[in-house]
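Numbering (this note's numbering), first residue to last: 20 to 152. Structure first, then comments.
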Amino acid sequence: MASKRRNMFHKNKKQETTNLRQAVITLALFALAVAVPIHYDSHDIHEDEHKDYYSPPHYQYEYKVHDGHTGDVKSHHETREGDTVKGVYMQHQPDGTILEVHYTADKHNGYNAVVKKLGKSVHPQHYHTEHHH
C-alpha cells in the first residue's frame, strides 16, 4: 500500500513538473511574439488620407407640460448651431406669475440669461374669524 502511494506521489509530481514546463514554454513564446517589432511596408500606409468625423452639433427641441392635477405648467424650447445655444423656458409660479428665461451660451460669451417675471402676483385672502363661546 505504501509503495502504491509513493508511485502516485511521483506520478503527480511528474505531471505537475510537465504542466509547469509547458506553461513556462507557452509564456516564453508569447513574450517573444509580443516583443518582436512588426514592420510594415511603407506602400501599405497612406498618411495623406485623413478622415475628419467631426461635424458641428445642430439640434432643436421643445417640450410643454400642463398638469391640471399638480398645477405644473411649463415649457422649454432650445436650438443649437455649432457652439451657440439659444433657448427660452417658462414656468407658472404658485403666486400666479410666469417666470420667463431667455438664454444664450457660446464659447466667447459664456452663459447669459435674461429673466422676466410676467403678470401680477396673486395671494389668496385669508380671513380670520373669531369664535365666541
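Note that the Cβ used here is the ideal one computed from N, Cα and C, for glycine as well. From a predicted model like this one, the values you see are computed outputs, not experimental measurements.
Check: Residue 113 to residue 139 span [Cα, whole Å]; Outcome: 12 angstroms
Check: Identity of the residues DSSP links to residue 149 by a beta bridge; Outcome: DSSP, once it has assigned bridges, lists no residue as partnering residue 149.
Check: Reduced DSSP secondary structure (H/G/I, E/B, other) of residue 100; Outcome: strand
Check: Beta-carbon gap between residue 98 and residue 79 smaller than 8 angstroms; Outcome: yes
Check: Residue 43 - partner residues in DSSP beta bridges; Outcome: Answer is none; residue 43 lacks a bridge partner.
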